[in-house]
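Protein chains in written order, with our numbering: chain A, 4 to 213; chain B, 97 to 626.
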């Protein structure tokens, strides 16, 4: 057994801050929607605005990090092993078959993860950020002539995006349990490295265990 | 692989901590209380001492005045205030109609119809004149040009002893000379003797104006309460040459509440004139200003002073007799539920207002207008909608009722109501046919000879008796399902509106995902055991 570093410190701080902010945005957002009462309405609205700004700032940092470190390449979609990954989740995983894709520092995401996270980054997040901004600035837009019905569309899109995030969260949390052991992926996201088998460590030559 | 070198971790940690702390700071800073303004009570006392004339020193006011001879007092006043009567005679308080002659028929001295006593001009002038700022209004022949008919004392009495009777004359028991020597600026009681008693009795008509205001605790009226700002009606309703600021039948109220500059006429007829257009510490609350009237959140209910306001007046059930006599019935709270002279009535205290898009314009209905009796007739339809940039959501008292109309001409009717037994007036003899015939003769209007009753509705804007900010509506009073704005249509309201099927779609997606991973997980669990 040896260790392979998958998630550098910024990666982890970004991931967990983003997770926290999205959870808090969901809590405050659904309170504003009237799904439940938690913080109190005005506080929920103010918190939602604050968390949204914090998330946007965090995303700007993350974009900078992805671009400057080249980490963005991790999300380039690939067909290689895509079929194998689907087959693994549909059948292989029940037969204790080995994971078809080996994690490496430069390719830590399997083809399905690449697709899912790319969708998250280029679809759900932009939709939420843009509809959120339109929602926030709606009084100004309304004053400059946007029709009353436009807020309905903005709000419905924003809420559908939120439900999308919730569904993503359910799937995402579940899939963390599909590592070597149920908690090993979660642990890796916390500490940054993962225990790998000797042969894997041999092929992933860099970052040998301490 | 230099591109993948990790960032210096310590700085990064500090930067992110700073980011999170900075984004949370505004939360801690929000909702700091704005500084309060000083009490008007002291200001008022100082202003009272600044008068340069002691009216008790004037010979012309020594009297004695003949009992009930108000005109004698007026002549004395006019001997110094030479232009005062001319000013008063140009006002609504004198003419009871708009000064704009192009708008003929609006005003209670002409063809305007209301939901309470219906109309003055069907012979009711003498009774109604208790609230006319003049002497001698008995019928439609009142001389609006006679200066000595102006009633100075009703507005300028500071003793509280002045009282008017039928025809607008002073009660003969009133000590005129004493009152004349103590005249001063109008106080809340001067306005209140008429405006608190609209509709015939205390609190009846407006819902946000009644006698309790004079002794209101701060919780009932932050502005007029002596424990509150201690303001006077005239601090907002400024006057110019005896015309008091206020919306009339044709002038729209300043519903946009734009701040004005000192010196502009009628400059405080809006909350924003004192409170600015962004009075809250919270940005989110301030943004409501564009679409929500201050009154909507800050007057949580009307008739809050302890007196019930009239919500419904059903003329069609009036006239029932018990053993040949008129009677009245009251409920457990002592509120009149039936009176032979009124019909069925509904009263209530602490009433949640209704909310309507309103841009300050309302139309009015005249005796000469054609109505469509198939549906309830709204006597003063309100203008405004979400799309109207001038309109805001306003609180209103809705007043329901019915009243006689002419089913042939499809017009309202001015019955003669106030008169003694045997006169033919409705409250004397309970005979609609005769009361209507006489009333329409006195009003000089045509009547087909037939009458029926039509349901009517009237909308009274709620703007007085503002509650302390601690009693302002919570967000969820409106931002919720079945909230106060449940029926205010035309826009998407967060917390109230969902979008049809969006919740179903969204929760289905979440639930399906959950089921999928649950099934997948169950299979994994089972296969790992086998």
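Backbone N, C-alpha and C define an ideal beta-carbon position, used for all residues, glycine too.
Please list, in chain order, all residues of the same chain as residue i whose beta carbon is under 8 Å from its beta carbon, the five residues on each side excluded.
i: residue 114 of chain A; result: 80, 81, 82, 83, 84, 85, 88 and 104
i: residue 96 of chain A; result: 181
i: residue 464 of chain B; result: 201, 207, 507 and 541
i: residue 132 of chain B; result: Caution is warranted here: a pLDDT of 39 is assigned to residue 132 of chain B, below 50, making its placement in the model unreliable, and the coordinate value is therefore given only provisionally. Result list for residue 132 of chain B: empty, nothing under 8 Å.
i: residue 124 of chain B; result: Any reading at residue 124 of chain B must be qualified, since the residue scores a pLDDT of 48, below 50, and its modelled position is unreliable; no value is offered.
i: residue 54 of chain A; result: 24, 27, 28 and 31
i: residue 584 of chain B; result: 451, 452, 453 and 489
i: residue 210 of chain A; result: Per-residue confidence for residue 210 of chain A stands at a pLDDT of 40, beneath the threshold of 50, marking its modelled position as unreliable; the derived number appears in the next sentence. For residue 210 of chain A, where only same-chain residues beyond five positions count, the Cβ hits under 8 Å are 6, 7, 8, 108 and 196.
Under the DSSP definition of a beta bridge, which residues are partnered with residue i?
i: residue 79 of chain A; result: According to DSSP, which records beta bridges pairwise, residue 79 of chain A is partnered with nothing at all.
i: residue 552 of chain B; result: B:473 and B:497
i: residue 409 of chain B; result: B:441 and B:497
i: residue 421 of chain B; result: B:418
i: residue 335 of chain B; result: B:340
i: residue 490 of chain B; result: B:452
i: residue 435 of chain B; result: B:424 and B:439
i: residue 107 of chain A; result: A:110
i: residue 198 of chain A; result: A:6
i: residue 230 of chain B; result: B:246
i: residue 462 of chain B; result: B:208
i: residue 388 of chain B; result: B:489
Mark residue i as exposed unless 16 or more other C-beta atoms lie within 10 angstroms of its C-beta, in which case mark it buried.
i: residue 466 of chain B; result: exposed
i: residue 34 of chain A; result: buried
i: residue 193 of chain A; result: exposed
i: residue 398 of chain B; result: buried
i: residue 279 of chain B; result: buried
i: residue 93 of chain B; result: Not covered by the structure: residue 93 of chain B. The range shown for chain B is 97 to 626.
i: residue 39 of chain A; result: exposed
i: residue 96 of chain B; result: The question about residue 96 of chain B has no answer here: the residues shown for chain B are numbered 97 through 626.
i: residue 367 of chain B; result: buried
i: residue 170 of chain B; result: buried
i: residue 177 of chain B; result: exposed
i: residue 129 of chain B; result: Low per-residue confidence applies at residue 129 of chain B: pLDDT is 35, beneath 50, and the placement is therefore not dependable, though the value from the model is reported in the following sentence. Classification of residue 129 of chain B: exposed, given that the 10 Å Cβ count is below 16.
i: residue 238 of chain B; result: buried
i: residue 50 of chain A; result: buried
i: residue 145 of chain A; result: buried
i: residue 532 of chain B; result: buried
Is the CB of residue i under 8 Å away from at least one CB in chain A?
i: residue 480 of chain B; result: no
i: residue 575 of chain B; result: yes
i: residue 383 of chain B; result: yes
i: residue 389 of chain B; result: no
i: residue 289 of chain B; result: no
i: residue 590 of chain B; result: yes
i: residue 471 of chain B; result: no
i: residue 201 of chain B; result: no
i: residue 524 of chain B; result: no
i: residue 167 of chain B; result: no
i: residue 620 of chain B; result: yes
i: residue 609 of chain B; result: yes
i: residue 483 of chain B; result: yes
Does the CB of residue i have a neighbour CB from chain B at under 8 Å?
i: residue 182 of chain A; result: no
i: residue 42 of chain A; result: no
i: residue 98 of chain A; result: yes
i: residue 135 of chain A; result: no
i: residue 196 of chain A; result: no
Between residue i and the rest of its own chain, which residues show a CB-CB distance below 7 Å, the 5 nearest in sequence each way excluded?
i: residue 141 of chain A; result: 154 and 157
i: residue 388 of chain B; result: 488 and 489
i: residue 576 of chain B; result: 591 and 592
i: residue 39 of chain B; result: Only positions 97 to 626 of chain B appear in this structure, which leaves residue 39 of chain B out of reach.
Excluding the 5 residues preceding and the 5 following residue i in the sequence, name in chain order all residues of the same chain whose CB lies nearer than 6 Å to its CB.
i: residue 339 of chain B; result: 187
i: residue 183 of chain B; result: 337 and 338
i: residue 117 of chain A; result: 78 and 80
Does the ligand ZN have a heavy atom nearer than 7 Å to the CB of residue i?
i: residue 86 of chain A; result: The ligand ZN is absent from the structure shown, which contains no ligands of any kind.
Quiz prompt | the segment 556-564 of chain B in contact with the segment 530-546 of chain B per 3-pair CB rule at 8 Å | solution = Short answer: they don't touch.
Exercise. Please determine if the segment 145-165 of chain A and the segment 181-200 of chain A are in contact, where contact requires at least 3 C-beta pairs separated by less than 8 Å.
Key: Because the criterion of three Cβ pairs below 8 Å is not met, the segment 145-165 of chain A and the segment 181-200 of chain A do not touch.
Quiz item: Are the segment 463-478 of chain B and the segment 375-382 of chain B touching, with three or more C-beta to C-beta distances below 8 Å?
Solution: When C-beta atoms of the segment 463-478 of chain B are compared with those of the segment 375-382 of chain B, fewer than three pairs fall below 8 Å, so the two segments do not count as touching.
Exercise. Spell out a yes or no on whether the segment 311-318 of chain B and the segment 409-421 of chain B are touching, meaning 3 or more CB-CB pairs, one atom from each, closer than 8 Å.
Key: They do not touch, by the three-pair rule.
Quiz item: Does the pairing of the segment 146-156 of chain A with the segment 583-590 of chain B give three or more beta-carbon distances under 8 Å?
Solution: The count of Cβ pairs closer than 8 Å, one atom from the segment 146-156 of chain A and one from the segment 583-590 of chain B, reaches three, so the stretches are in contact.
Quiz prompt | Stretch pair the segment 246-256 of chain B + the segment 264-279 of chain B: three plus CB contacts closer than 8 Å | solution = Put simply, the segment 246-256 of chain B touches the segment 264-279 of chain B. At least three CB pairs are less than 8 Å apart.
Quiz item: How do the segment 476-486 of chain B and the segment 437-446 of chain B stand: do at least 3 beta-carbon pairs fall below 8 Å, yes or no?
Solution: Counting Cβ pairs under 8 Å, fewer than three are found: no touch.
Quiz item: Would you call the segment 490-501 of chain B and the segment 400-408 of chain B in contact, with 3 or more CB pairs under 8 Å?
Solution: Taking a contact to require three or more Cβ pairs closer than 8 Å, the segment 490-501 of chain B and the segment 400-408 of chain B qualify as touching.
Self-check item: Touch test, the segment 127-135 of chain A against the segment 55-68 of chain A, Cβ-Cβ under 8 Å, three pairs minimum
Solution: Contact between the segment 127-135 of chain A and the segment 55-68 of chain A is established, with three or more Cβ pairs separated by less than 8 Å.
Exercise. Evaluate the contact criterion for the segment 136-148 of chain B versus the segment 159-170 of chain B: three or more CB pairs, one atom per stretch, below 8 Å.
Key: Contact between the segment 136-148 of chain B and the segment 159-170 of chain B is absent, because fewer than three Cβ pairs lie under 8 Å.
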